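Chains as they are written, first to last, in my numbering: chain A, 1 to 277; chain B, 278 to 565. This report refers to the structure that appears directly beneath it.
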């Protein structure tokens with residue numbers, strides 16, 4: 001039985017708890033902001049207009065959730081504002097998984113983008129299912145402000161998952177072309193999949209303190225069971241358990257893709273970080 | 278309906294719908310770069326609205342072209358082939374964050390003036406779509422104005438960025454409403470007036486824009502880049518420097534500064550993702 005932590009002051013009173021909680025919140029916020037950024041790069045370039053509207057909406061949800069998690073970090077005294085956290089950290093302070101920082105495909109969003117819809121859907125589905133499983137654990141978090149936020153976020157994420165599941169089934173079963181594109185996307189995403197389930201060096205403390213009930217084992221087992229169900233429904237072969245990755249984003253070790261993403265993300269802010277924008 | 282009425286409507290509504298879609302591109306350039314989380318959410322919501330307007334209007338246009346054996350794909354192809362134009366303002370570059378502010382505030386401000394008139398027109402399906410569009414556009418103006426106010430009240434460099442953006446956008450804003458009367462370009466306007474699809478001339482709309490926005494722009498401490506701009510109080514008419522209307526005509530031929538780049542961006546994405554649209558529009562090999 002873990003102790004309930006109802007306020008930031010209570011969390012700050014125990015250094016072990018503070019450290020694990022801060023790491024967890026950065027993982028949550030950074031995952032969402034980085035994927036929201038990738039989603040926003042699609043806007044105006046999606047395969048059809050309805051999907052453009054959908055991706056703009058999904059990107060908003062992701063960025064909004066990130067802002068809310070950063071807000072909890074501000075309450076814990078990590079920075080003056082959510083913006084300072086989103087816009088002024090060096091790459092090694094980011095805790096997103098590598099899967100989320102990968103580009104949507106070759107090219108730049110402003111110039112000759114050759115974005116890959118098969119990969120985009122594969123990555124988003126794998127992450128949205130992970131996020132749902134993580135949120136289901138977080139609604140039982142010992143840290144009350146996080147449990148309450150998770151309950152709110154879960155209501156919106158349900159629709160993302162539904163959207164991506166629909167695409168996966170559709171692409172898998174429509175034709176050999178669409179199936180091959182989806183499978184290529186899944187294969188590419190699978191390379192980074194292991195890192196999604198890493199909780200970094202503080203993982204054991206997150207589970208022990210009940211901040212993320214069940215820890216990595218619960219996330220992985222629940223995720224695998226549900227993903228396998230959908231793969232079977234869609235007639236997709238199970239690619240097998242993912243192999244460990246060299247770089248653990250949860251430990252602040254990232255690919256060059258994150259640095260390339262942070263360039264545009266912080267471009268205007270960096271002109272004058274002290275200005276009001 | 279009379280053939281020329283239908284043709285006028287197709288031209289008007291398809292151009293409007295396509296312009297909403299192409300209009301998402303200059304602002305979308307700034308979505309990944311928006312300087313705060315709040316601004317990022319706001320500009321994302323705005324771009325989503327524009328794309329949503331595009332969808333709403335293309336649905337109206339699709340109904341009008343259906344008896345001619347055409348569909349949405351044909352309308353988009355019309356854009357790529359240069360037979361359907363997109364609005365002159367969206368051919369312009371948006372090189373700084375301040376441009377995103379000016380677009381939201383003044384381009385949408387100009388748009389709402391035109392759309393307010395069009396919403397009183399004779400074709401009800403278009404008017405109903407416009408009612409919803411106008412309601413959303415009024416939020417866009419506040420969003421753009423809020424960006425501009427923050428810059429105007431900000432540092433010297435921020436104010437300069439805003440002034441330079443206004444300098445860039447002033448001429449496109451004069452172009453926005455189309456050429457003044459007695460121009461070879463206004464025949465199309467006359468048909469619109471005859472069919473009660475519009476009840477004001479280009480010049481009347483432009484004057485309305487001046488009345489509403491010149492004082493507001495000046496209130497922010499900005500200088501409007503036209504030394505001849507002045508209000509004749511007796512006639513309540515604004516005098517302004519006539520821009521070079523041949524430039525306007527060139528833009529409509531897709532010869533504006535960003536015409537080719539934006540068309541190429543949209544077209545290549547459209548072609549690269551053709552396979553995805555086929556997934557949606559053709560029957561599955563296996564039941565889903």
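Glycine included, every Cβ here is placed at the ideal spot set by N, Cα and C. Just so it is clear, the structure is predicted and the values come from calculations on it, not from any experiment.
Under DSSP, residue 143 of chain A forms a beta bridge with A:5. The count of Cβ pairs closer than 8 Å, one atom from the segment 136-143 of chain A and one from the segment 74-85 of chain A, stays below three, leaving the stretches out of contact. Chain B places a beta carbon closer than 8 Å to that of residue 44 of chain A, counting this residue as a contact.
Within the DSSP bridge table, the entry for residue 514 of chain B names B:509 as partners.
Within 10 angstroms of the beta-carbon of residue 256 of chain A lie fewer than 16 other beta-carbons, which makes it exposed. Any Cβ of chain A closer than 8 Å to the Cβ of residue 316 of chain B would place that residue at the interface, and such an atom is present. The closest CA to that of residue 249 of chain A, considering only A:34, A:4 and A:12, is found on A:34.
Contact check for residue 383 of chain B against residue 395 of chain B fails: the beta carbons are separated by 8 Å or more. For residue 552 of chain B, a Cβ of chain A is located within less than 8 Å of the residue's own Cβ.
For residue 446 of chain B, there are no neighbours in chain A by C-beta distance under 7 Å, as the nearest C-beta there is about 18 Å away. In summary, residue 388 of chain B is buried, with 16 or more beta-carbon neighbours lying within 10 Å of its beta-carbon over all protein chains present.
Residue-level contact check: residue 32 of chain A does not touch chain B, since none of the beta carbons of chain B fall below 8 Å from its beta carbon. Cα atoms of residue 18 of chain A and residue 12 of chain A: separation of roughly 5 Å, rounded to the nearest angstrom. Contact note: residue 345 of chain B does not reach chain A at a C-beta cutoff of 8 Å; the least C-beta distance is about 21 Å.
In the DSSP assignment, residue 92 of chain A falls outside any alpha helix (DSSP H), carrying neither H nor E. The beta-carbon distance between residue 402 of chain B and residue 340 of chain B, rounded to whole angstroms, is 7 Å. This is short enough to meet the 8 Å contact definition. Straight through space, the alpha carbons of residue 357 of chain B and residue 405 of chain B are spaced by roughly 28 Å.
Of all C-beta pairs linking the segment 320-338 of chain B to the segment 486-497 of chain B, fewer than three are shorter than 8 Å, placing the two stretches out of contact.
In the DSSP annotation of this structure, the continuous segment of the alpha helix (DSSP H) that includes residue 288 of chain B starts and ends at 280-305. If you keep only unbroken alpha helix (DSSP H) runs of at least 4 residues inside the segment 11-81 of chain A, you get 15-42 and 49-75. When CB distances to chain A are screened at a threshold of 8 Å, the residues of the segment 287-305 of chain B falling below it are 298, 301, 302 and 305, in chain order.
Proximity of residue 101 of chain A to chain B, defined by a Cβ-Cβ separation below 8 Å, is not satisfied. Spatial neighbours of residue 296 of chain B in its own chain (CB-CB distance under 7 Å, excluding positions within 5 residues in sequence) are listed in chain order as 363, 364 and 367. Pairing residue 379 of chain B with residue 92 of chain A, the inter-Cα distance amounts to about 36 Å. Excluding five sequence positions before and after residue 536 of chain B, the CB atoms of its chain that fall closer than 6 Å to its own CB belong to 368, given in chain order. Inter-segment contact for the segment 175-194 of chain A and the segment 236-249 of chain A is present: three or more beta-carbon pairs are separated by less than 8 Å. Taking a beta-carbon distance threshold of 8 Å, residue 243 of chain A does not count as an interface residue toward chain B. By the Cβ rule, the segment 119-128 of chain A counts as touching the segment 84-101 of chain A, because three or more pairs are nearer than 8 Å. For residue 391 of chain B, the secondary structure class from DSSP, reduced to helix, strand or coil, is helix. In summary, the residues of the segment 401-433 of chain B whose CB is separated from some CB of chain A by less than 9 Å are 424, 427, 428, 430, 431 and 432, in the order they occur in the chain.
With a threshold of 8 Å between beta carbons, residue 331 of chain B makes contact with chain A.
Counting along the chain, residue 351 of chain B sits inside the alpha helix (DSSP H) bounded by residues 349-358. Contact between residue 83 of chain A and residue 313 of chain B holds: their C-beta atoms lie close to 5 Å from each other, under 8 Å. DSSP places residue 365 of chain B in the helix class (H, G or I) of the three-state scheme. The CB of residue 374 of chain B comes closer than 9 Å to the CB of 267, 268, 271 and 277 in chain A, given here in chain order.
Among the CB atoms of chain A, none fall inside 8 Å of the CB of residue 436 of chain B.
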